[in-house]
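Take a look at the structure below.
Number of protein chains: 2
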Amino acid sequence: MVDETTEKPPLILEDFLPYRLNKAAEAISQRFAGLYRDQYGLTRPEWRTLATLGQFGVLTATAIGTHSSMHKTKVSRAVFALEQRYWLRRKRDEADRRIENLELTPAGRKVYADLAKVAHAFEAELLSNLGPHGEKELKAGLAALEAYFR
Amino acid sequence: MVDETTEKPPLILEDFLPYRLNKAAEAISQRFAGLYRDQYGLTRPEWRTLATLGQFGVLTATAIGTHSSMHKTKVSRAVFALEQRYWLRRKRDEADRRIENLELTPAGRKVYADLAKVAHAFEAELLSNLGPHGEKELKAGLAALEAYFR
DNA sequence: AATAGATCGTCACAATTGCAACTAAATTGA
DNA sequence: TCAATTTAGTTGCAATTGTGACGATCTATT
Numbered sequence: 041m042v043d044e045t046t047e048k049p050p051l052i053l054e055d056f057l058p059y060r061l062n063k064a065a066e067a068i069s070q071r072f073a074g075l076y077r078d079q080y081g082l083t084r085p086e087w088r089t090l091a092t093l094g095q096f097g098v099l100t101a102t103a104i105g106t107h108s109s110m111h112k113t114k115v116s117r118a119v120f121a122l123e124q125r126y127w128l129r130r131k132r133d134e135a136d137r138r139i140e141n142l143e144l145t146p147a148g149r150k151v152y153a154d155l156a157k158v159a160h161a162f163e164a165e166l167l168s169n170l171g172p173h174g175e176k177e178l179k180a181g182l183a184a185l186e187a188y189f190r
Numbered sequence: 041m042v043d044e045t046t047e048k049p050p051l052i053l054e055d056f057l058p059y060r061l062n063k064a065a066e067a068i069s070q071r072f073a074g075l076y077r078d079q080y081g082l083t084r085p086e087w088r089t090l091a092t093l094g095q096f097g098v099l100t101a102t103a104i105g106t107h108s109s110m111h112k113t114k115v116s117r118a119v120f121a122l123e124q125r126y127w128l129r130r131k132r133d134e135a136d137r138r139i140e141n142l143e144l145t146p147a148g149r150k151v152y153a154d155l156a157k158v159a160h161a162f163e164a165e166l167l168s169n170l171g172p173h174g175e176k177e178l179k180a181g182l183a184a185l186e187a188y189f190r
């Protein structure tokens, strides 16, 4: 005997992992984006470019794209924007003249250093709200996911 | 004495939670999107609209947007696209004639039912690769995050 | 050494998205 | 009661993003 009134929907989005992951990631990203947008007028691709260069020092545009999974035109435009503000400079590679070696300027490094602090503070605030258990579990869960994708 | 050669970068993206979360979410979403795109030619907003309606039965466009955090124009266009395929129909609300009550057609429910199965299989596959520990931790970590945002 | 193919970054163009204005309808409140 | 405000959904336009083609350069094969 079928009870129409209590029939369960085939898929509960709130329980579906891709949905949950996406929503959480989007919520966090937006909050953090508010910080670098308000303080430095950076877009997401620009922040990612800045952060990647800040971490690795000297990189090509292609390498930035690979590392941060951004399309090469996105990187190209972000690089242009950062260059306009003198936060980044290009140096043509003498050995391979197709390549541009990108590097933050002192001004760019300053912005990066400041935003790195903001990022750490943001993360600390977030983690403190998850409690030690939540933090451990989230990190372990993410690590498992990353291992799977790798 | 400062050792320039071993100086640590201010921020390691691979350890930064928003970055990790985003990358994982994006990787998963893209894989899953490949399925509904290949099998039914659905875009992401269309799939979300279909899934939300499938789960809740009858909703307004605004409610869909609220629930799935999509901009109302995105919803509007997704609804239009689904309507074109006769997977969804609108019924003006007699009590409040601004409102459209949206509902999947039998054809739409069929697509939804099939994709719900695909979704469950996808999730099961994913979870099986995380192992029981990874699964538990990921779910608990996400729950902690969700509790924080709520 | 010369040709073919690959790679780097950019640009023009197309598709997608978001913002703001709009129509239509309901609600509020003087 | 009826003007002012709010709400639902759509549309035009602008900004953002992705696609494909391109010039320049390098590498591989012969």
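So the protein lines, in turn, are chains X and Y.
Here the first sequence is numbered in the working numbering, starting from 41 and rising by one per residue.
Here the second sequence is numbered in the working numbering, starting from 41 and rising by one per residue.
No residue lacks a Cβ here, since even glycine has one placed at the ideal position from N, Cα and C.
Check: Going by C-alpha distance, which of X/A164, X/V119, X/L178, X/A91 is nearest X/Y152?
Finding: The residue labelled residue 152 of chain X in the question sits at position 112 within the first sequence. Comparing Cα-Cα distances from X/Y152 to each of X/A164, X/V119, X/L178, X/A91, the minimum goes to X/A91.
Notebook entry, point to check: In this structure, does DSSP put Y/L82 in helix, strand or coil?
Noted result: What you label residue 82 of chain Y is simply residue 42 of the second sequence in a count that begins at 1. Note: Y/L82 maps to coil in three-state DSSP.
Note to self: Could you tell me the alpha carbon to alpha carbon distance between X/E143 and X/A161, rounded to whole angstroms?
What the structure shows: Start at 1 with the first residue of the first sequence, and residue 143 of chain X comes out as number 103. Start at 1 with the first residue of the first sequence, and residue 161 of chain X comes out as number 121. Distance between the alpha carbons of X/E143 and X/A161: 25 Å.
Next item on the list: Using a cut-off of 9 Å between C-beta atoms, extract the partners of X/K63 located in chain Y.
Entry: Counting from one through the first sequence, the residue named residue 63 of chain X turns up at place 23. Chain Y residues near X/K63: A65, S108, S109, E186, F189.
Margin query: Within 8 Å, do at least three Cβ pairs link the stretch 99-117 of chain X to the stretch 66-81 of chain X?
Written below: no
Note to self: Output needed for X/V158: all residues of its chain with C-beta closer than 6 Å, excluding positions within five of it in sequence on either side, in chain order.
What the structure shows: As a working note, residue 158 of chain X is residue 118 in the first sequence. If we look at X/V158 and ignore the five residues flanking it on each side, its Cβ neighbours are L75.
Next item on the list: Following the continuous alpha helix (DSSP H) through X/E177, name the residue where it begins and the one where it ends.
Entry: Sequence index remark: in the first sequence, residue 177 of chain X carries index 137 (1-based). Taken as a continuous stretch (DSSP letters only), the alpha helix (DSSP H) holding X/E177 covers 146-189.
Notebook entry, point to check: At least one CB of chain Y closer than 9 Å to the CB of X/G148: is that the case?
Noted result: Position 108 of the first sequence, counting from 1, holds the residue named residue 148 of chain X. Chain Y, which has no Cβ nearer than 9 Å to the Cβ of X/G148, makes this no.
Check: Would a check of beta-carbon distances place X/E177 closer than 9 Å to chain Y?
Finding: Here residue 177 of chain X refers to the residue found at position 137 of the first sequence. Yes, because at least one Cβ of chain Y sits closer than 9 Å to the Cβ of X/E177.
Notebook entry, point to check: In chain order, what residues of the same chain lie with their CB nearer than 8 Å to the CB of Y/T145, ignoring the 5 residues before and after it?
Noted result: Locating residue 145 of chain Y in the second sequence gives position 105, counting from the first residue. Here the set comprises Y126, W127, L128, R129.
Notebook entry, point to check: What residues of chain X sit near Y/T92, judged by a beta carbon separation below 8 Å?
Noted result: Counting from 1 along the second sequence, the entry for residue 92 of chain Y is found at position 52. Per Cβ cutoff of 8 Å: L53.
Note to self: Do Y/T100 and Y/E134 have their beta-carbon atoms positioned less than 9 Å apart in this structure?
What the structure shows: In the second sequence, counting from the first residue as 1, residue 134 of chain Y sits at position 94. In the second sequence, counting from the first residue as 1, residue 100 of chain Y sits at position 60. Their beta carbons are not under 9 Å apart, which means Y/E134 does not touch Y/T100 by this criterion.
Margin query: Does chain Y have any CB closer than 9 Å to the CB of X/I68?
Written below: Locating residue 68 of chain X in the first sequence gives position 28, counting from the first residue. Chain Y, which has a Cβ nearer than 9 Å to the Cβ of X/I68, makes this yes.
Margin query: Mapping the DSSP letters down to three states, classify X/R129 as helix, strand or coil.
Written below: Locating residue 129 of chain X in the first sequence gives position 89, where the first residue counts as 1. Correct three-state label for X/R129: strand.
Checklist line | Partner residues on chain Y for X/A153, Cβ-Cβ distance less than 8 Å | finding: For the purposes of this step, residue 153 of chain X is identified with residue 113 of the first sequence, where counting begins at 1. Going along chain Y in sequence order, the residues near X/A153 (Cβ under 8 Å) are P50.
Notebook entry, point to check: Along the chain, where does the alpha helix (DSSP H) that runs through X/G97 open and close?
Noted result: For the purposes of this step, residue 97 of chain X is identified with residue 57 of the first sequence, where counting begins at 1. Premise fails: X/G97 is in no alpha helix (DSSP H) and is neither H nor E.
Margin query: Which of the three DSSP states is assigned to Y/L75 in this structure?
Written below: As a first step, residue 75 of chain Y is located in the second sequence; it is residue number 35 there, counting from the start. Helix.
Next item on the list: Out of Y/E163, Y/H173, Y/A118, Y/T102, point me to the one whose CA is closest to X/K183's CA.
Entry: Taking the first residue of the first sequence as position 1, residue 183 of chain X is located at position 143. A quick correction: the sequence has Ala, not Lys, at residue 183 of chain X. Per the Cα distances, Y/H173.
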